[in-house]
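**Q** Following this message is one structure expressed as structure tokens.
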């Protein structure tokens, strides 16, 4: 059962990533990317990383994809394409994949199949935190500097009245 | 129990699909989305390896990857927006202003 859930969700992730190659509108690509990211979050949970599964849903599918969609809204690509976006036949694939992913999630929650897998050692968030602030403290500081640099770059690039 | 090679195969498939999106779709937003798919393949590799060896180093690596991705996406999206704003460019073929033989009439 565990293997079935794993391979089904990985197939959803791969199919959604492959669908990005063939869709035409960037918003559809963003929707497929969200489905792929959620399937990957399920894979992370199945591989014994519950903290990363939660972070994947919150940061990737929440924050970063909101940035993408907001930027697509601001850019307002190609005004002649401003027709209603989700034409019938266009959202079928996305909703089918999302429904399949939801069914997989229901299956996982109803069976609690992590218990019967047994051999998966769940790496708790406590271990990750103690590793993050123990031997990897310098990396955390570097990440803080990187985020500060990204903030400065974003403020500089988006300032009003340049040149 | 999933063998490590299957997880690595899935991660490699994701990476190759993202690389194909970067190389084949020549629109700036699609290139960024392909980069996201590639980075997620890398994250799946790190998680699977961390599970295989049973320590938390893979998850630490993925958290760092999340940070780098967030910073990259913020700066890259602003650059895409500026390119669209100045040059009305959504495809990379139109961004040739660094070439010698074009005069910089815009900007």
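Chains as they are written, first to last, in this note's numbering: chain A, 60 to 222; chain B, 404 to 510.
Think of the CB as a built atom: it goes at the ideal place given N, C-alpha and C, for glycine as much as any other residue.
1) Do the stretch 84 to 97 of chain A and the stretch 121 to 128 of chain A meet, that is, are 3 or more Cβ pairs less than 8 Å apart?
2) Under 8 Å between beta-carbons, which chain B residues line up against residue 101 of chain A? List them in chain order, please.
3) Would you mind telling me which residues of chain B sit closer than 7 Å to residue 65 of chain A, beta carbon to beta carbon, in chain order?
4) For residue 498 of chain B, tell me which candidate among B/437, B/430 and B/418 has the shortest Cα-Cα distance.
5) I'd like to know if residue 195 of chain A contacts chain B, where contact means its C-beta is closer than 7 Å to some C-beta of that chain.
6) Could you tell me whether the Cβ atoms of residue 110 of chain A and residue 187 of chain A are closer together than 7 Å?
7) Out of B/436, B/427 and B/480, which has the shortest C-alpha to C-alpha gap to residue 212 of chain A?
8) I need the boundaries of the alpha helix (DSSP H) containing residue 84 of chain A, first residue and last residue.
9) Decide if the stretch 410 to 417 of chain B is in contact with the stretch 189 to 209 of chain A; the criterion is three or more beta carbon pairs, one per stretch, under 8 Å apart.
10) In the DSSP output, which residue or residues are listed as bridge partners for residue 183 of chain A?
11) Just reading off the alpha helix (DSSP H) that residue 456 of chain B is part of, what are its end residues?
12) Would you report the Cα separation of residue 206 of chain A and residue 465 of chain B, rounded to the nearest angstrom?
13) Among residues of its own chain, excluding the 5 on either side of residue 428 of chain B, which ones have a beta-carbon nearer than 8 Å to its beta-carbon?
14) Which partner residues of residue 494 of chain B appear in the DSSP bridge assignment?
15) Looking at the C-beta of residue 139 of chain A, does it have a partner C-beta in chain B at a distance below 7 Å?
16) If you run the structure through DSSP and keep just helix, strand and coil, what is residue 138 of chain A?
17) For my contact list, residue 118 of chain A and residue 68 of chain A are in at a C-beta cut-off of 8 Å; report their separation, rounded to the angstrom.
18) Counting only C-beta atoms, is residue 123 of chain A closer than 7 Å to chain B at any point?
19) Check the Cβ of residue 73 of chain A against every Cβ in chain B and list those closer than 9 Å, keeping chain order.
20) What are the start and end residues of the alpha helix (DSSP H) that includes residue 150 of chain A?
21) Out of A/202, A/217, A/84 and A/73, which one is the CA nearest neighbour of residue 447 of chain B?
**A** Put simply:
1) yes
2) Ordered by position in chain B, no residue passes the 8 Å Cβ test against residue 101 of chain A, which lies about 11 Å from the chain.
3) 405
4) B/430
5) yes
6) yes
7) B/480
8) No alpha helix (DSSP H) contains residue 84 of chain A, which DSSP labels as neither H nor E.
9) no
10) Residue 183 of chain A is not bridged to any residue.
11) 431 to 456
12) 16 Å
13) 434 and 437
14) B/430
15) Note on residue 139 of chain A: pLDDT 49, under 50, position unreliable in the model; the coordinate value appears next. Judged by the 7 Å Cβ criterion, residue 139 of chain A is not in contact with chain B.
16) Note that residue 138 of chain A scores a pLDDT of 47, beneath 50, so its modelled location is shaky; the value from the coordinates is reported in the next line. Correct three-state label for residue 138 of chain A: helix.
17) Incorrect: roughly 19 Å between the Cβ atoms, too far for contact.
18) yes
19) 413, 416, 417 and 420
20) From DSSP, residue 150 of chain A is part of no alpha helix (DSSP H); its letter is neither H nor E.
21) A/73
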